[in-house]
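>
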Amino acid sequence: MKTNLTFQSPFLVFLMAVLIFTAPFTTLAQQDSVEVQAKMAAKRDAETDTNKWLWTGVGCGTYVSTGLGIFIGLVAGSLGPQTASGSSYISDSQACGICIGATAGCLIPFIVAFNYKLEPPPERLLGKSPEYVDAYTSAYKTKVRRLRTKRAAVGTVIWMGSVGTVSVIAMMSES
Numbered sequence: 136m137k138t139n140l141t142f143q144s145p146f147l148v149f150l151m152a153v154l155i156f157t158a159p160f161t162t163l164a165q166q167d168s169v170e171v172q173a174k175m176a177a178k179r180d181a182e183t184d185t186n187k188w189l190w191t192g193v194g195c196g197t198y199v200s201t202g203l204g205i206f207i208g209l210v211a212g213s214l215g216p217q218t219a220s221g222s223s224y225i226s227d228s229q230a231c232g233i234c235i236g237a238t239a240g241c242l243i244p245f246i247v248a249f250n251y252k253l254e255p256p257p258e259r260l261l262g263k264s265p266e267y268v269d270a271y272t273s274a275y276k277t278k279v280r281r282l283r284t285k286r287a288a289v290g291t292v293i294w295m296g297s298v299g300t301v302s303v304i305a306m307m308s309e310s
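Listed below in structure tokens is the structure:
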């Protein structure tokens with residue numbers, strides 16, 4: 136018994152071609168949705184895990200690191216040549232040391248905020264696929280860094296603004 140495949144042959148070839156070529160796209164779409172879910176979860180968790188007041192306090196702590204930098208710069212500048220320009224109370228090398236120390240001191244809170252414990256808690260990643268873990272970890276680190284650095288900047292601005300205000304009030308009360 137012979138079967139006539141003239142009608143079925145092109146249809147079967149087309150069907151097989153569609154099935155072969157759409158399978159990779161379906162897999163890619165699933166991977167993208169896993170990645171999107173991981174990024175959304177990481178951003179949400181980073182928001183809840185980041186203690187905003189702590190990192191604002193770290194930014195306000197700029198005065199400690201800046202003061203320490205100024206002190207170290209002053210001491211290091213004392214080791215250099217003691218030439219003073221004009222009627223200065225400190226030498227040029229001390230002034231240079233103070234500027235370098237103050238600048239370095241202002242950067243310390245941002246360096247700490249940018250690098251301190253960025254890894255997400257491992258229990259959140261148990262049983263997840265490697266693609267999910269990679270996307271989650273990357274998005275979590277990025278969001279935590281952004282939040283911490285932003286809050287440290289807010290703290291620094293608050294501190295510097297309050298120091299500036301007190302300084303202006305003190306200068307106005309002297310005159």
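This note's numbering applies: residue 136 is where the sequence shown begins, and numbers increase by one.
Just so it is clear, CB atoms sit at the ideal spot from N, CA and C, and this is done for glycine as well.
Please read all numbers here as calculations on a predicted model, not as lab measurements.
Hey, Lys-178 and Lys-278: beta-carbon distance below 8 Å or not?
It is a contact, given that the beta carbons lie within the stated cut-off.
> From which residue to which residue does the alpha helix (DSSP H) around Thr-191 run?
That run of the alpha helix (DSSP H) goes 187-195.
> Spell out whether any CB of chain B is found under 8 Å from the CB atom of Phe-149.
Protein chains in the displayed structure number just one, and chain B is not present.
> Alpha carbons only, please: which of Val-199, Glu-182 and Thr-291 is nearest the one belonging to Arg-281?
Considering only alpha carbons, the answer is Glu-182.
> Can you give me the C-alpha to C-alpha distance between Ser-222 and Ala-305, rounded to a whole angstrom?
Reliability fails at Ser-222, whose pLDDT of 48 lies under 50, so the model's placement of it is uncertain and the value that follows must be treated cautiously. Ser-222 and Ala-305: Cα-Cα distance of roughly 24 Å.
> For Val-247 and Thr-197, I'd like the C-alpha separation in whole angstroms.
Approximately 11 Å between the Cα atoms of the pair.
> Just the C-alpha distance for Gly-192 and Met-307, rounded to the nearest angstrom, thanks.
One C-alpha to the other measures close to 29 Å.
> For Ala-152, count neighbouring C-beta atoms within 10 Å of its own C-beta (all shown protein chains included) and say buried if the count is 16 or more, exposed if not.
With fewer than 16 Cβ atoms within 10 Å of its Cβ, Ala-152 is classed as exposed.
> Throw me the rounded Cβ distance for the Thr-201 and Gly-232 pair, which I believe falls under 8 Å.
Actually they do not touch by this definition, with Cβ atoms about 13 Å apart.
> What's the gap between the Cα of Asp-180 and the Cα of Val-292?
Between Asp-180 and Val-292, the C-alpha separation is close to 27 Å.
> Give me, in chain order, the residues of the same chain whose beta-carbon lies closer than 7 Å to that of Thr-284; leave out the 5 immediate sequence neighbours on both sides.
Correct list, in chain order: Phe-245, Ala-248 and Phe-249.
> To the nearest angstrom, report how far apart Val-301 and Asp-269 are at their CA atoms.
Between Val-301 and Asp-269, the C-alpha separation is close to 48 Å.
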